[in-house]
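**Student:** The sequence shown runs 5 to 358 under this note's numbering. From the three backbone atoms N, C-alpha and C, an ideal C-beta is built for every residue, glycine too. Supplied in structure tokens, the structure appears directly below.
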Amino acid sequence: MEERTNAIKTARDAIHGFIDQLNIKHFVYIDDRFDIENEKDHFVGVLKSFYHEKINQERLDFIDWGSPQPVFENAVDEIWKAADSDKKKEYLVKVKQAEGNSDEIDNAIPALEIERDLPGIIQTFTPAQWQSRKKELLEDLGESENILCLFDINFNNDSDGHEEDGIDLAKEILTGQYSDKVYCGLFSHTFSIEEEGEKRKIIHAERNLDFKRFYTISKKRYSQDPPISGFAEGIRNALTVTVVENLKTDSISLIDSSIGNVKEILKNMTPETFDYVVQKSSGENGVWEIDTFFRLTSILLDNEFKKIISDKQNRHTFIDGINRIRKMERIKTGAQTPFDKSEVKEIRKNELYY
5 MEERTNAIKT
15 ARDAIHGFID
25 QLNIKHFVYI
35 DDRFDIENEK
45 DHFVGVLKSF
55 YHEKINQERL
65 DFIDWGSPQP
75 VFENAVDEIW
85 KAADSDKKKE
95 YLVKVKQAEG
105 NSDEIDNAIP
115 ALEIERDLPG
125 IIQTFTPAQW
135 QSRKKELLED
145 LGESENILCL
155 FDINFNNDSD
165 GHEEDGIDLA
175 KEILTGQYSD
185 KVYCGLFSHT
195 FSIEEEGEKR
205 KIIHAERNLD
215 FKRFYTISKK
225 RYSQDPPISG
235 FAEGIRNALT
245 VTVVENLKTD
255 SISLIDSSIG
265 NVKEILKNMT
275 PETFDYVVQK
285 SSGENGVWEI
295 DTFFRLTSIL
305 LDNEFKKIIS
315 DKQNRHTFID
325 GINRIRKMER
335 IKTGAQTPFD
345 KSEVKEIRKN
355 ELYY
């Protein structure tokens with residue numbers, strides 16, 4: 005128990021640190037599961053099923069399983085009616101865990117436990133509540149203040165009849181008046197932690213959501229061990245993705261400019277010089293001409309890279325992005341989530357055998 009408490013505190017402190025770093029005034033989580041009364045039919049139905057099938061009863065000690073059926077069914081209704089919202093969430097967690105449906109557990113547990121785990125940090129809304137409060141929350145932001153929005157992707161339990169999903173709500177706020185103040189995470193149980201990057205690409209392609217402005221976070225992070233540490237790591241990804249993507253864009257621009265300059269150098273190089281460097285020197289040194297050409301272009305590219313990055317503004321932009329990411333990375337979440345290193349291994353392989 006102490007280990008769990010310490011793990012939750014580490015993750016909670018990390019999220020606090022992220023919020024402070026980026027001056028986030030509101031951290032909001034929108035999920036149809038926050039309509040707790042919409043869970044009543046499921047609660048009642050499962051308990052009645054356990055009663056008749058005489059299964060999983062020992063895991064749920066808040067009701068008398070030995071009472072006659074009419075008494076039992078009335079007791080189920082009374083237990084729900086008498087419970088406040090927190091108690092209903094506690095009951096639902098126990099019921100869903102007793103059912104053993106891992107997919108449903110992954111989907112429901114964050115909404116049922118996050119207010120307990122992150123008190124005073126997070127504000128929770130159903131989709132309808134978000135639509136009614138959104139304007140107020142955005143207008144409440146000061147000049148340098150920001151908002152972090154976490155949207156459940158699929159609204160299956162929404163009793164308000166809204167047809168939008170979480171991607172629609174994210175797109176609305178990311179293209180609106182306050183878009184430059186918004187950090188966005190898309191939260192779902194429909195993909196694993198390892199599939200987050202691929203799912204992000206799919207959403208970008210299918211729904212035309214700006215790739216730089218959101219990160220996909222698997223709900224399976226919330227049930228990781230240590231508790232919620234993986235979730236805190238996912239939140240950090242959502243908060244740094246724009247900086248990382250901008251760094252990639254700046255790097256591509258640097259490469260494009262450097263290659264353009266090298267093309268001009270080669271274009272303007274005298275035939276005698278090019279012939280000497282590539283053909284004659286290769287023959288004199290017993291080197292394959294293609295290798296010499298690769299070496300020439302590498303030298304020219306390296307020189308052009310250094311010229312461009314030596315520009316104060318270019319250098320400042322690059323280093324500023326690195327420092328912003330590093331500040332967030334220094335905040336420890338307690339998570340040790342591995343990531344797919346296949347791309348890293350391929351780069352390393354190319355380095356070793358180039």
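(1) Evaluate N111 with the Cβ neighbour count: other Cβ atoms within 10 Å of its Cβ, from every protein chain shown; 16 or more gives buried, anything less gives exposed.
(2) Can you give me the C-alpha to C-alpha distance between D156 and E210, rounded to a whole angstrom?
(3) Among E41, S53 and K98, which residue has its Cα nearest to the Cα of F66?
(4) What's the call for S148, buried or exposed, on a 16-neighbour Cβ count within 10 Å?
(5) Would you kindly report the start and end of the unbroken alpha helix (DSSP H) that includes G234?
(6) With a threshold of 16 other CB atoms inside 10 Å of the CB of G325, please say whether the residue is buried or exposed.
(7) Taking the beta strand (DSSP E) that S222 belongs to, which residues open and close that run?
(8) With a Cβ-Cβ cutoff of 8 Å, do H20 and I151 count as a contact?
(9) Is it the case that the region 80-94 contacts the region 186-195, given that we only count it when at least three CB pairs across the two stretches are under 8 Å?
(10) Identify which residue in V281, A102 and D39 has its Cα closest to the Cα of T128.
(11) Can you tell me where the alpha helix (DSSP H) holding D90 begins and where it ends?
(12) Nearest by alpha-carbon distance to V245: which of Y219, K349 and N10 is it?
(13) Pick helix, strand or coil for S302, following the three-state DSSP scheme.
(14) Buried or exposed for N10, going by 16 or more other Cβ atoms inside 10 Å?
(15) Looking at the unbroken alpha helix (DSSP H) that takes in L64, where does it start and where does it end?
(16) Determine the direct distance from the alpha carbon of S183 to that of I177, and round the result to whole angstroms.
(17) What residues in its chain sit with their C-beta under 6 Å from that of K92, if we drop five residues either side in the sequence?
(18) By the DSSP assignment, the beta strand (DSSP E) with K29 in it spans what residues?
(19) Check V48 in the structure and name its three-state DSSP category.
(20) Rounded to a whole number of angstroms, what is the C-alpha to C-alpha distance between S227 and T321?
(21) Is there contact here, the region 231-244 with the region 306-322, by at least three beta-carbon pairs under 8 Å?
(22) Tell me the start and end of each unbroken alpha helix (DSSP H) in the region 118-180 that is at least 4 residues and wholly inside, in chain order.
(23) Per DSSP, S192 is paired with what?
(24) Below 8 Å between beta carbons: does that hold for V266 and T301?
(25) If you reduce the DSSP assignment to three classes, tell me which class D182 lands in.
(26) Can the beta-carbon of F47 be found closer than 8 Å to that of L96?
(27) From D144 to E350, what does the alpha carbon distance come to, in whole angstroms?
(28) Is there a Cβ of chain D sitting closer than 8 Å to that of R217, yes or no?
(29) Ordered along the chain, which non-local residues of its own chain (more than five positions away) have a Cβ less than 7 Å from that of A18?
(30) State buried or exposed for P231, treating a residue as buried only when at least 16 other CB atoms are found within 10 Å of its CB.
(31) Are the CB atoms of I221 and G189 nearer to each other than 8 Å?
(32) With respect to the alpha helix (DSSP H) encompassing S286, which residues constitute its N-terminal and C-terminal limits?
(33) Starting from D17, follow the alpha helix (DSSP H) in both directions and report where the run begins and ends.
(34) Straight-line CA distance for P74 to N60?
(35) Measure the C-alpha to C-alpha separation of P131 and N212 and round it to an integer number of angstroms.
(36) I'd like the span of the alpha helix (DSSP H) that includes F343, first residue to last.
**Tutor:** Short version:
(1) If you number the sequence shown from 1, residue 111 lands on position 107. Around the beta-carbon of N111, 16 or more other beta-carbon atoms lie within 10 Å, marking it buried.
(2) Looking up residue 156 in the sequence shown gives position 152. Looking up residue 210 in the sequence shown gives position 206. The straight-line gap from Cα to Cα measures roughly 17 Å.
(3) For the purposes of this step, residue 66 is taken as the residue at position 62 of the sequence shown. Each of E41, S53 and K98 was checked against the Cα of F66, and the nearest Cα belongs to K98.
(4) For this step, residue 148 is matched to residue 144 along the sequence shown. Here S148 is exposed: its Cβ has fewer than 16 other Cβ atoms, across all protein chains shown, within 10 Å.
(5) Against the sequence shown, residue 234 aligns to sequence position 230. Where G234 is concerned, the enclosing alpha helix (DSSP H) starts and stops at S233 to N272.
(6) For the purposes of this step, residue 325 is taken as the residue at position 321 of the sequence shown. Classification for G325: buried.
(7) The count along the sequence shown starts at 1 and reaches residue 222 at position 218. For S222, the uninterrupted beta strand (DSSP E) run begins and ends at Y219 to S222, by DSSP.
(8) Sequence index remark: in the sequence shown, residue 20 carries index 16 (1-based). Sequence index remark: in the sequence shown, residue 151 carries index 147 (1-based). No. Outside cutoff.
(9) Counting Cβ pairs under 8 Å, fewer than three are found: no touch.
(10) Taking the sequence shown and counting its residues from 1, one reaches residue 128 at position 124. Ranking the options by Cα distance to T128, first place goes to D39.
(11) Counting from one through the sequence shown, the residue named residue 90 turns up at place 86. For D90, the enclosing alpha helix (DSSP H) begins and ends at S89 to E103.
(12) The residue labelled residue 245 in the question sits at position 241 within the sequence shown. Out of Y219, K349 and N10, Y219 has the C-alpha closest to the C-alpha of V245.
(13) Residue 302 sits at position 298 when you count from the first residue of the sequence shown. In the structure shown, the three-state DSSP call for S302 is helix.
(14) The residue given as residue 10 occupies position 6 in the sequence shown. Flag for N10 reads exposed.
(15) Position 60 of the sequence shown, counted from the first residue, corresponds to residue 64. Counting along the chain, L64 falls outside any alpha helix (DSSP H), and DSSP gives it neither H nor E.
(16) Here residue 177 is taken as the residue at index 173 of the sequence shown, counted from 1. Here residue 183 is taken as the residue at index 179 of the sequence shown, counted from 1. If you take the alpha carbons of I177 and S183, they lie about 6 Å apart.
(17) What you label residue 92 is simply residue 88 of the sequence shown in a count that begins at 1. Counting only Cβ-Cβ distances below 6 Å, and skipping sequence neighbours, we find I40.
(18) Along the sequence shown, one-based indexing puts residue 29 at 25. Start and end: I28 to I34.
(19) Along the sequence shown, read from residue 1 onward, the residue named residue 48 stands at position 44. DSSP, read as helix, strand or coil, puts V48 in helix.
(20) Working through the sequence shown from its first residue, we reach residue 227 at position 223. Working through the sequence shown from its first residue, we reach residue 321 at position 317. Note on geometry: alpha-carbon atoms of S227 and T321 lie some 38 Å from one another.
(21) Flag = no, the region 231-244 and the region 306-322 do not touch.
(22) With a minimum length of 4 residues, the continuous alpha helix (DSSP H) runs that stay inside the region 118-180 are 131-143 and 170-178.
(23) Taking the first residue of the sequence shown as position 1, residue 192 is located at position 188. Under the DSSP definition of a beta bridge, S192 partners with S222.
(24) Position 262 of the sequence shown, counted from the start, is the residue given in the question as residue 266. Position 297 of the sequence shown, counted from the start, is the residue given in the question as residue 301. Contact annotation: V266 and T301 have beta-carbon atoms nearer than 8 Å.
(25) Start at 1 with the first residue of the sequence shown, and residue 182 comes out as number 178. Note that residue 182 is Tyr in the sequence shown, not Asp. Residue state, collapsed to three classes: coil.
(26) Your numbering for residue 47 matches position 43 in the sequence shown. Your numbering for residue 96 matches position 92 in the sequence shown. A Cβ-Cβ contact shorter than 8 Å links F47 with L96.
(27) In the sequence shown, residue 144 corresponds to position 140, counting from 1. In the sequence shown, residue 350 corresponds to position 346, counting from 1. For D144 and E350, the distance between alpha carbons rounds to 47 Å.
(28) No chain D appears in this structure, which consists of one protein chain only.
(29) Along the sequence shown, one-based indexing puts residue 18 at 14. When the five nearest sequence neighbours on each side are left out, the beta carbons in the same chain lying within less than 7 Å of the beta carbon of A18 are those of A236, I335, K336 and T337, in order along the chain.
(30) Residue mapping note: residue 231 aligns to position 227 of the sequence shown, counting from 1. Result: buried.
(31) By 1-based counting over the sequence shown, the position of residue 221 is 217. By 1-based counting over the sequence shown, the position of residue 189 is 185. Yes, the pair counts as a contact, with Cβ atoms nearer than the cut-off.
(32) Here residue 286 refers to the residue found at position 282 of the sequence shown. From DSSP, the alpha helix (DSSP H) with S286 extends over S285 to N289.
(33) What you label residue 17 is simply residue 13 of the sequence shown in a count that begins at 1. Run containing D17: E6 to Q25, per the alpha helix (DSSP H) assignment.
(34) As a first step, residue 74 is located in the sequence shown; it is residue number 70 there, counting from the start. As a first step, residue 60 is located in the sequence shown; it is residue number 56 there, counting from the start. Taking the straight line joining both Cα atoms gives about 20 Å.
(35) Reading the sequence shown from its first residue, position 127 is the one you call residue 131. Reading the sequence shown from its first residue, position 208 is the one you call residue 212. Rounded to whole angstroms, P131 to N212 spans 21 Å at the Cα level.
(36) Locating residue 343 in the sequence shown gives position 339, where the first residue counts as 1. Unbroken run through F343: none, as it is neither H nor E.
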